[in-house]
Amino acid sequence: MTAPLLAPALELRGIGRTFRLREKGGLFARYTDHVAVRDVDLVLPRNAILGLVGESGSGKTTTGMMALRLLEPTTGRILVDGQDITALDPAALKPFRRRMQVVFQDSYSAIDPMMTLAQVVAEPLHIHGQGSRAGQTEAALAMLERVGLDRRYGSRYAHELSGGQRQRVAIARALILRPQVLVADEPTSALDVSVKAQIINLLMDLQAEMGLSILFISHDLSVVRSLTDRVAVMWNGRVVEEAPTEAIFTDARHPYTRSLLEAIPVLNPRLRRARSFPTRAEIEAQTPRLPAIPGLAAGATPQLVAEGDRRYEAIVGGVVGGIGGAATPEATIP
Amino acid sequence: MRLVDIKDLTVSFPQTEGLVQAVRGLTLHVAPGESLGIVGESGSGKSVTCMAVLRLLREPPARIAAERLELAGVDMRKADRRQLASMRGSVAAMIFQDPMTAFDPVFTIGHQIAETIRAHRAVSKSEAMAEAEDLLARVRIKAPKAVLQSYPHQLSGGMLQRAMIAMALSSRPQILFADEPTTALDVTIQAQILQLIKEIQAEYGMGLIMVTHDLGVVAETVDRVVVMYGGRVMEEGPVQEIFDAAAHPYTQALLGSIPGRVAGRQRLTEIKGASPNPAHPPSGCPFHPRCPVAEPRCAAEVPALAPFAPARAAACWRVA
Numbered sequence: 053m054t055a056p057l058l059a060p061a062l063e064l065r066g067i068g069r070t071f072r073l074r075e076k077g078g079l080f081a082r083y084t085d086h087v088a089v090r091d092v093d094l095v096l097p098r099n100a101i102l103g104l105v106g107e108s109g110s111g112k113t114t115t116g117m118m119a120l121r122l123l124e125p126t127t128g129r130i131l132v133d134g135q136d137i138t139a140l141d142p143a144a145l146k147p148f149r150r151r152m153q154v155v156f157q158d159s160y161s162a163i164d165p166m167m168t169l170a171q172v173v174a175e176p177l178h179i180h181g182q183g184s185r186a187g188q189t190e191a192a193l194a195m196l197e198r199v200g201l202d203r204r205y206g207s208r209y210a211h212e213l214s215g216g217q218r219q220r221v222a223i224a225r226a227l228i229l230r231p232q233v234l235v236a237d238e239p240t241s242a243l244d245v246s247v248k249a250q251i252i253n254l255l256m257d258l259q260a261e262m263g264l265s266i267l268f269i270s271h272d273l274s275v276v277r278s279l280t281d282r283v284a285v286m287w288n289g290r291v292v293e294e295a296p297t298e299a300i301f302t303d304a305r306h307p308y309t310r311s312l313l314e315a316i317p318v319l320n321p322r323l324r325r326a327r328s329f330p331t332r333a334e335i336e337a338q339t340p341r342l343p344a345i346p347g348l349a350a351g352a353t354p355q356l357v358a359e360g361d362r363r364y365e366a367i368v369g370g371v372v373g374g375i376g377g378a379a380t381p382e383a384t385i386p
Numbered sequence: 013m014r015l016v017d018i019k020d021l022t023v024s025f026p027q028t029e030g031l032v033q034a035v036r037g038l039t040l041h042v043a044p045g046e047s048l049g050i051v052g053e054s055g056s057g058k059s060v061t062c063m064a065v066l067r068l069l070r071e072p073p074a075r076i077a078a079e080r081l082e083l084a085g086v087d088m089r090k091a092d093r094r095q096l097a098s099m100r101g102s103v104a105a106m107i108f109q110d111p112m113t114a115f116d117p118v119f120t121i122g123h124q125i126a127e128t129i130r131a132h133r134a135v136s137k138s139e140a141m142a143e144a145e146d147l148l149a150r151v152r153i154k155a156p157k158a159v160l161q162s163y164p165h166q167l168s169g170g171m172l173q174r175a176m177i178a179m180a181l182s183s184r185p186q187i188l189f190a191d192e193p194t195t196a197l198d199v200t201i202q203a204q205i206l207q208l209i210k211e212i213q214a215e216y217g218m219g220l221i222m223v224t225h226d227l228g229v230v231a232e233t234v235d236r237v238v239v240m241y242g243g244r245v246m247e248e249g250p251v252q253e254i255f256d257a258a259a260h261p262y263t264q265a266l267l268g269s270i271p272g273r274v275a276g277r278q279r280l281t282e283i284k285g286a287s288p289n290p291a292h293p294p295s296g297c298p299f300h301p302r303c304p305v306a307e308p309r310c311a312a313e314v315p316a317l318a319p320f321a322p323a324r325a326a327a328c329w330r331v332a
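Have a look at this one:
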């Protein structure tokens, strides 16, 4: 397990996924290709939390599932600790599975109702053949305690728990193998307000304690602001902006990011305001224009441009066919 | 006159553990044209309260007891089936979290809205259809004709929620009950629907009861707030005052636990423990086991909802 010293915990390079949709039934069915995720580059640094935000259908969950190889990408590569796992067969993948775990939104369907909670949490140890049976159970009980559930819960079943408690069990099960990467897909979206804060705090504590790297997928921007170090914003299957969390919230560059932030409910009635909601065409029309950049091909198609420690989609260079003529100096960086 | 007038409402359900009280002695009222937010977490009794006023709960098993339960001056405890049918729709309409289950999948949207119109008024089918189209336009649907002929599965969640609001408006109700109308929607669609509800409320001069767990939704939409916990009202008051200076420790904790209020990655103030099990409610104040400032008295006696400033009240021994 000697990894290159500086390799990120997880890296996606040009990852994409196309789904074939059956349009009309019958023998001569027609198919159309739906691009759910297109050419996404993402880096999850070690010991950090990266938020992946976007609305339903933006491709954020598809991206998360591909990172875990729970869904095969149609293009691109997945690197864990700098090692390419894109094409590994199931046997070769197994050791990597141990290092990458997942927590889902719906903890009810994620936990086997027929197993005691100690069995649920110990099962990954069993699958990966770590320790004796007694040792596995003891480790599971200790893990339950760590996530804030008394050891007595070990002999209980999922239906005896509240939503927040079940999510704690799901987290315990994901972390029992001491993974390096945790993909958390909307883990707090189904929880009550008072419990949501508990789970966010728990994830924050465990991240620091275990040196975890977390890919936190969520549509809840408020949670993302409290929890993450960096944020990537997905729109129509692409990452349109990626930056340190506070830069996203205070100084967003992409019009889609700004429209998302604009929609967050105010937390002070005094700040109520009438809002405008840009259409997709309006967002596209507001895509930042940049002058020609050495090393980047100019063109009318938006591309990701790096600026300091952030990236955002922009139209680069003088050739801006059909959209508004050549980029002029005043029509550059907003 | 009060549009909604509830005094000492208790709703219980027989369970294997005995009689479980979902709402325990609730008092609230809404004036014509006023908007009230009922905030609470799951199991707080907020939805059951609305269902009880509209008599939408099946009785039995549900048991409703109240000193007063009035909608637009009509005693809902005594209303018979026919009266209820006319009250629902013409006086009060309700929209729900999941518009997909509120529509029948085998009929077009237009058919269902027209049917609702014809259930309350003697108009022809074509007149009802024309009115349905007009209603869809009023909820800012850009192609009302197309939506009229669509089936529910052909529309997005936001579109369906608009169509449900159109249906609710069809008999010009005096009050709209909205039960978590945006919880299942994306943040941008949520903002659009909340804005629509506010605009429609002003246009129609309707009363509004917004039931939600989301304090952001409350901050965006209502004039006055009732905070529920464990089947009881913990606090009520004008929305700005609640956000500026919440009186009840539960409201304070709820506001404190909202993520994203400040810049930077940091731990949130959490409320320890879990919401009470309605089958085994704690003695005294339902919040006392989780309350950071509870006193012995809080476990022994239930504090009454008591006024402490104009238009404000709290059920807490420490606020008196």
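Sequence lines, in order, name chains W and Z.
With this note's numbering as the guide, the letters of the first sequence map in order to residues 53 to 386.
With this note's numbering as the guide, the letters of the second sequence map in order to residues 13 to 332.
C-beta atoms are modelled at their ideal positions from N, C-alpha and C, and glycine is treated no differently.
Look at Asn320 (chain W): its C-beta is under 8 angstroms from a C-beta on chain Z. Your pair Arg282 (chain W) and Gly103 (chain W) checks out as a contact, with CB atoms roughly 7 angstroms apart and the cut at 8 angstroms.
With fewer than 16 other beta carbons inside 10 angstroms of its own, Thr353 (chain W) counts as exposed. For the stretch 70 to 100 of chain W, no residue has a beta-carbon sitting nearer than 8 angstroms to a beta-carbon of chain Z. The beta strand (DSSP E) runs lying completely inside the stretch 114 to 165 of chain W and spanning 3 residues or more are 127 to 132 and 152 to 155, given in chain order. Below the 7 angstroms Cβ cutoff, chain Z contributes Glu282 as neighbours of Gln250 (chain W), in chain order. Distance from Val237 (chain Z) to Ile254 (chain Z) at the Cβ level is roughly 5 angstroms; contact confirmed, criterion being Cβ atoms closer than 8 angstroms. The residues Val172, in chain order, have a CB closer than 7 angstroms to that of Asp164 (chain W) in the same chain once the five nearest residues on each side in sequence are set aside. Secondary structure note for Thr61 (chain Z): its alpha helix (DSSP H) is the uninterrupted segment Lys58 to Val65. By the rule that beta-carbons nearer than 8 angstroms mark a contact, Gln252 (chain Z) touches chain W. Apart from the 5 residues on each side of it in sequence, Ala192 (chain W) sits with its Cβ closer than 6 angstroms to the Cβ of Ala170, Val173 and Ala174 in its chain, given in chain order. Taking CB atoms only, Gly263 (chain W) has no neighbour in chain Z less than 8 angstroms away. For the pair Phe268 (chain W) and Leu279 (chain W), the CB atoms are nearer than the 8 angstroms cut-off. DSSP, reduced to helix, strand and coil, places Asp146 (chain Z) within a helical segment of the structure shown. Cα atoms of Pro261 (chain Z) and Leu40 (chain Z): separation of roughly 20 angstroms, rounded to the nearest angstrom. With fewer than 16 other Cβ atoms inside 10 Å of its own Cβ, Met166 (chain W) counts as exposed. Note: Ala77 (chain Z) is bridge-paired with Z:Thr22 in the DSSP secondary-structure output.
Under the three-state reduction of DSSP, Thr281 (chain Z) is assigned to coil, being neither helix nor strand.
Annotation: Cβ neighbours of Arg273 (chain Z) in chain W (cutoff 7 angstroms, chain order): Leu319. Relative to Ala88 (chain W), the option among W:Ser159, W:Gln182 and W:Pro125 whose CA is nearest is W:Pro125. The residue among Z:Glu282, Z:Cys310, Z:Gly249 and Z:Phe299 with its C-alpha nearest the C-alpha of Arg324 (chain Z) is Z:Gly249. Setting aside the 5 residues that flank it on each side, Arg290 (chain W) is surrounded in the same chain by Arg90, each with a C-beta closer than 6 angstroms to its C-beta; the list follows chain order.
Shown in chain order are the members of the stretch 180 to 200 of chain Z whose Cβ falls below 8 angstroms from a Cβ of chain W: Asp198, Val199 and Thr200. With distances taken between CA atoms, Leu62 (chain W) lies nearest to W:Ile266 out of W:Ala315, W:Ile266, W:Arg327 and W:Phe301. Collapsing the DSSP output to three states places Gly181 (chain W) in coil. No Cβ-Cβ contact shorter than 8 angstroms links Pro308 (chain Z) with Cys297 (chain Z). With contacts defined as CB atoms closer than 8 angstroms, Arg279 (chain Z) and Leu319 (chain W) fail to qualify as a contacting pair. Per DSSP, the continuous alpha helix (DSSP H) segment holding Leu279 (chain W) begins and ends at Leu273 to Leu279. When DSSP reads this structure, Thr233 (chain Z) sits in no beta bridge, so it has no partner.
Between the stretch 159 to 175 of chain Z and the stretch 109 to 128 of chain Z, the count of Cβ pairs shorter than 8 angstroms is three or higher; the stretches touch. Contact check between the stretch 189 to 207 of chain W and the stretch 141 to 153 of chain W: fewer than three CB pairs, one atom from each, fall below 8 angstroms, which does not count as touching. In the structure shown, the three-state DSSP call for Thr240 (chain W) is coil.
Annotation: the continuous beta strand (DSSP E) that includes Leu94 (chain W) extends over Arg82 to Leu96. Taking 8 angstroms as the threshold, the shortest C-beta distance from Arg198 (chain W) to chain Z does not fall below it. Going by DSSP, Gln33 (chain Z) is part of the beta strand (DSSP E) stretching over Gly30 to Val42. If you compare the alpha carbons of Z:Tyr241, Z:Gly268, Z:Thr281 and Z:Asp198 with that of Pro317 (chain W), the shortest gap goes to Z:Asp198.
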